[in-house]
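Visitor:
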Amino acid sequence: MSGYQPVTAEIVAVLSAIVGPGQVVAGDEIPARFGHDAGTWRDAQHLPEVLVAPANAEEVAAVLRLANRALVPVTPRGGGTGLAGGAVPLLGGILLDLGRLDRILEIDPQGRYAVVEPGVKTSRLQRVAGEQGLLYAGDPCSNDDCVIGGNIATNAGGNRAVKYGVTSDQVLELEIVTPLGDRTVVGSRLRKNSTGYNLVRLYAGAEGTLGIITRATLKLYPLAPLIRDFVVTLPDLASAIGLVSGLRNDHGVDPIVLELIDRRTAHAMERYNEAPVFGNPAGDCLVVQFEADDADELARKRALLELRSRGHGALGVEPAVDSEALWKARRAWGKALEAELPVAFGEDLVVPVELLAGFAARLQELVARYRFDFRLAGHAGDGNMHLRIAPGAVEPDRWPEAHGRFRDELYRTAYALGGRLSGEHGIGFKRKEPLGRFIDPVELSLMRAVKRAFDPNHVLNPGKIFDPA
Ligand SMILES: Cc1cc2nc3c(=O)[nH]c(=O)nc-3n(C[C@H](O)[C@H](O)[C@H](O)COP(=O)(O)OP(=O)(O)OC[C@H]3O[C@@H](n4cnc5c(N)ncnc54)[C@H](O)[C@@H]3O)c2cc1C
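For the sequence shown, the numbering used here assigns the number 709 to the last residue and increments by one with no breaks.
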């Protein structure tokens, strides 16, 4: 990639005129946190040349038009909790901080939708919707820090995807600023719509490479009167995954959440949070959440969960003592593991749910063969495994090379099962190299063609997902 121009004093002056001088920070004044996201803070840092905080779509559009004239790259940033480097300005240029677009514009209980700006924190939307008896179902574990624009751009998954799907399933309509600086609306509030290409689905997961989301209309659901968490402890991962398969198809239990946490991860989370949220488990844990209309339905579902769990050899089925503490611990699983395994590589692999057992068996076999160690906290109900692979018994000087071979074998295993590199965190620049090796070449050429058509000057978030051919 070449041909980009530096951000000159003249460009900074035009940016200041667009967004106001107080909303532009250049050079050494830019805070260090804008050089990385939550997944790349250990790597080389990439600070932008200028940080710009627009207040509305018109200002975003003006910045994009300037970027095309001046040939300067633009990287959109939401909460900065991404784990793949998507919001990192790899090539410098302009970093567009969308945090000022943070209004909840409308909540319509009758139409069951919310209209929000992209900088609204996910937990805030959940809370405000909840106060009106409504559920916003997108629920990534970073919900206190990430924002709706980032969730849509990464097509974030999360805990409730088992029943409600991922972020793209929540989106009805998007206002977009295109890479060339035009404004448009894609999708609609209609509950059905076969009018041309489904561009909402294209934008969800495009990681800010095809346009900037400046407003979103999102689905809301009625909030169930009762929502309860249970911790099922099982003797091994194979039994836990067997139970996941059973519960996924069990209309009687109808789980919203099926989170798999291996016992060592559960212990690390309890130590880190200084709270026995899993009850100091003697086995691997499956967190099951379901909804109920009343106490009778709750009792019926609980009895059914116990029955199914015993059928898979459960050692215990306990209601969560403190659901809030349990989810707080789940959200901090990465931090809990960093404290105990400072050298470890994170994975976000996804395989068909019904093939998860085979994938887990192969993972354990590979880890043993390489004499590595691993931890797991996975959205198992979606076939999505969050792994930390650590050197284990391998000497530090052998780890990088051995880990490279291991990753290759692991990815081959996932692809052979019909899986993919990322279930929800995206490609960013962190997984760009393996994506180039594993993606079907025709699919990649279609993606490149879409990018060229939307962004002929390649100014928007270049170097993410793939490099221009
Ligand atoms: C503790 C922790 C737990 C997590 N748990 C989950 C989880 O359960 N599920 C999950 O899916 N992810 C999870 N993540 C990853 C991360 O939170 C998600 O990817 C989230 O959606 C990123 O949102 P963000 O606002 O932080 O986006 P950022 O990191 O700021 O950006 C992410 C991408 O979106 C683009 N972008 C941001 N805003 C816009 C916009 N308005 N228009 C166009 N593009 C935009 C950026 O350019 C970048 O490519 C977790 C991360 C952490 C640190």
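The beta carbon of each residue, even a glycine, is placed where N, CA and C say it ideally should be.
1) Does the beta-carbon of VAL411 have 16 or more other beta-carbons within 10 angstroms, so that it is buried, or is it exposed?
2) Tell me which residue opens and which closes the alpha helix (DSSP H) that LEU686 is part of.
3) Going by alpha carbons, who is nearest to ASP524 out of SER256, ALA508, ALA515 and PRO419?
4) Which two residues bound the contiguous beta strand (DSSP E) that contains THR280?
5) Indicate the three-state DSSP secondary structure (helix, strand or coil) for LYS670 in the structure shown.
6) Return helix, strand or coil for GLU289, following the three-state DSSP convention.
7) Could you check how far apart the C-beta atoms of ASN391 and THR407 are, in whole angstroms? I think they sit under 8 Å.
8) Quick one: grab the DSSP three-state call for ASP384.
9) Once DSSP output is grouped into helix, strand and coil, what is the label at ALA569?
10) Which first and last residues belong to the beta strand (DSSP E) in which LEU603 is found?
11) Measuring from the CB of GLY427, is there a heavy atom of ligand 1 at a distance below 7 Å?
12) Less than 8 Å between C-beta atoms, sequence neighbours within five positions excluded: which residues of the same chain meet that for GLY482?
13) To which residues of the same chain is ARG441 closer than 7 Å at the C-beta, ignoring the five residues directly before and after it?
14) Does THR424 pass the burial test, meaning 16 or more other C-beta atoms within 10 Å, or should it be called exposed?
15) Verify the contact flag: LEU526, CB atom, against every heavy atom of ligand 1, threshold strictly below 7 Å.
16) Per the DSSP calculation, GLN529 is bridged to which residue(s)?
17) Using 8 Å as the threshold, is the region 453 to 471 in touch with the region 348 to 368, meaning 3 or more CB pairs across them?
18) So, are the CB atoms of ALA478 and ASP622 less than 8 Å apart?
19) Under 7 Å from any heavy atom of ligand 1, does the C-beta of ARG652 make it?
20) Cβ-heavy atom distance between HIS192 and ligand 1 below 7 Å?
21) Would LEU487 and ARG570 qualify as a contact pair, given that the criterion is a beta-carbon distance under 8 Å?
22) Helix or strand or just coil, what does DSSP make of ARG488?
23) Report the rounded CA-to-CA distance for SER428 versus GLU641, giving the unit in angstroms.
24) Who are the near neighbours of LEU606 in its chain, counting only those whose CB is closer than 7 Å to its CB and skipping five residues on each side?
25) May I ask you to list the residues that DSSP assigns as paired with ASP185?
26) What three-state label does DSSP hand GLU507 in the structure shown?
27) Is the beta carbon of PHE694 closer than 8 Å to that of GLY451?
28) Buried or exposed for SER685, please, with buried defined as at least 16 other CB atoms from any protein chain shown within 10 angstroms of its CB.
29) Check the DSSP bridge columns for VAL411 and list the partner residues they point to.
30) If we ignore side chains and look at the alpha-carbon of each, how far apart do LEU331 and GLU269 end up?
31) Which residues in the same chain as TYR655 place their Cβ atom closer than 7 Å to its Cβ, once the five residues preceding and following it in sequence are excluded?
32) Enumerate in chain order the residues of its own chain whose CB-to-CB distance from GLU594 is below 6 Å, with the five nearest sequence positions on each side excluded.
33) For SER367 and PRO681, I'd like the C-alpha separation in whole angstroms.
34) When you measure from the CB of ILE452 to every non-hydrogen atom of ligand 1, does any distance come out below 7 Å?
35) What does DSSP give as the partner residues of VAL425 in its beta bridges?
36) According to DSSP, what are the bridge partners of LYS361?
Guide: On the basis of the coordinates in this document:
1) On the sequence shown, residue 411 is found 171 positions in, with the first residue counted as 1. Buried.
2) Here residue 686 refers to the residue found at position 446 when the sequence shown is read from its first residue. 681 to 694 is the span of the alpha helix (DSSP H), which, as asked, contains LEU686.
3) Within the sequence shown, residue 524 is the residue found at index 284, counting from 1. When only C-alpha atoms are compared, the closest one is ALA508.
4) As a working mapping, residue 280 is identified with position 40 in the sequence shown. From DSSP, THR280 is part of no beta strand (DSSP E); its letter is neither H nor E.
5) The residue labelled residue 670 in the question sits at position 430 within the sequence shown. If DSSP states are grouped into helix, strand and coil, LYS670 belongs with coil.
6) Taking the sequence shown and counting its residues from 1, one reaches residue 289 at position 49. Here GLU289 sits in coil by DSSP.
7) Counting from one through the sequence shown, the residue named residue 391 turns up at place 151. Counting from one through the sequence shown, the residue named residue 407 turns up at place 167. The distance from the Cβ of ASN391 to that of THR407 is about 5 Å, consistent with a contact at the 8 Å cut-off.
8) In the sequence shown, counting from the first residue as 1, residue 384 sits at position 144. Reduced to three states, the DSSP call for ASP384 is coil.
9) Within the sequence shown, residue 569 is the residue found at index 329, counting from 1. In this structure, ALA569 counts as helix in the three-state DSSP scheme.
10) As a working note, residue 603 is residue 363 in the sequence shown. Not the beta strand (DSSP E): LEU603 falls in the alpha helix (DSSP H), residues 596 to 610.
11) For this step, residue 427 is matched to residue 187 along the sequence shown. Incorrect: GLY427 has no Cβ contact closer than 7 Å to ligand 1.
12) Translated into positions along the sequence shown, residue 482 becomes position 242. The beta carbon of GLY482 sits closer than 8 Å to those of HIS552 and ALA597, all from its chain and outside the five residues before and after it, given in chain order.
13) Translated into the one-based positions of the sequence shown, residue 441 becomes position 201. Listed in chain order, the non-local C-beta contacts of ARG441 below 7 Å within the same chain comprise SER408, local neighbours out to five positions each way being set aside.
14) For the purposes of this step, residue 424 is taken as the residue at position 184 of the sequence shown. So THR424 counts as exposed.
15) Numbered from its first residue, the sequence shown carries residue 526 at position 286. False, no ligand heavy atom lies under 7 Å from that Cβ.
16) Reading the sequence shown from its first residue, position 289 is the one you call residue 529. Bridge partners of GLN529: ASP469 and VAL497.
17) yes
18) Walking along the sequence shown from the start, residue 478 turns up at place 238. Walking along the sequence shown from the start, residue 622 turns up at place 382. Against a cut-off of 8 Å, the Cβ pair of ASP622 and ALA478 comes out as no contact.
19) Indexing the sequence shown from 1 puts residue 652 at position 412. Not under cutoff, so the answer is no.
20) What the structure shows of the chain is the stretch from 241 to 709, and residue 192 is not part of that stretch, so it cannot be assessed.
21) As a working note, residue 487 is residue 247 in the sequence shown. As a working note, residue 570 is residue 330 in the sequence shown. No, Cβ-Cβ distance for LEU487 and ARG570 is not below 8 Å.
22) One-based indexing of the sequence shown puts residue 488 at position 248. Correct three-state label for ARG488: helix.
23) Numbered from its first residue, the sequence shown carries residue 428 at position 188. Numbered from its first residue, the sequence shown carries residue 641 at position 401. The alpha-carbon atoms of SER428 and GLU641 are separated by roughly 49 Å.
24) Taking the first residue of the sequence shown as position 1, residue 606 is located at position 366. For LEU606, same chain residues with a beta-carbon under 7 Å away, outside a window of 5 residues either side, are PHE646, GLU649 and LEU650 in chain order.
25) With the chain covering 241 to 709 only, the question about residue 185 has no answer from this structure.
26) As a first step, residue 507 is located in the sequence shown; it is residue number 267 there, counting from the start. It is His, not Glu, that sits at residue 507 in the sequence shown. Assigned with DSSP and collapsed to three states, HIS507 falls in helix.
27) Reading the sequence shown from its first residue, position 211 is the one you call residue 451. Reading the sequence shown from its first residue, position 454 is the one you call residue 694. For GLY451 and PHE694, yes; Cβs fall inside 8 Å.
28) Here residue 685 refers to the residue found at position 445 when the sequence shown is read from its first residue. With fewer than 16 other Cβ atoms within 10 Å, it is exposed.
29) On the sequence shown, residue 411 is found 171 positions in, with the first residue counted as 1. Note: VAL411 sits in a beta bridge opposite LEU458.
30) Looking up residue 331 in the sequence shown gives position 91. Looking up residue 269 in the sequence shown gives position 29. Answer to the nearest angstrom: the Cα atoms are 18 Å apart.
31) For the purposes of this step, residue 655 is taken as the residue at position 415 of the sequence shown. Cβ neighbours of TYR655 beyond the five flanking positions: PHE678.
32) Start at 1 with the first residue of the sequence shown, and residue 594 comes out as number 354. Within the same chain, GLU594 has no close Cβ partners at all.
33) The count along the sequence shown starts at 1 and reaches residue 367 at position 127. The count along the sequence shown starts at 1 and reaches residue 681 at position 441. Residue identity differs from the one stated: residue 367 is Arg in this sequence, not Ser. Each residue's Cα considered, the two are about 43 Å apart.
34) Locating residue 452 in the sequence shown gives position 212, where the first residue counts as 1. Correct: ILE452 has its Cβ closer than 7 Å to ligand 1.
35) Numbered from its first residue, the sequence shown carries residue 425 at position 185. Its beta-bridge partners are GLU415.
36) Position 121 of the sequence shown, counting from 1, holds the residue named residue 361. LYS361 pairs with VAL387.
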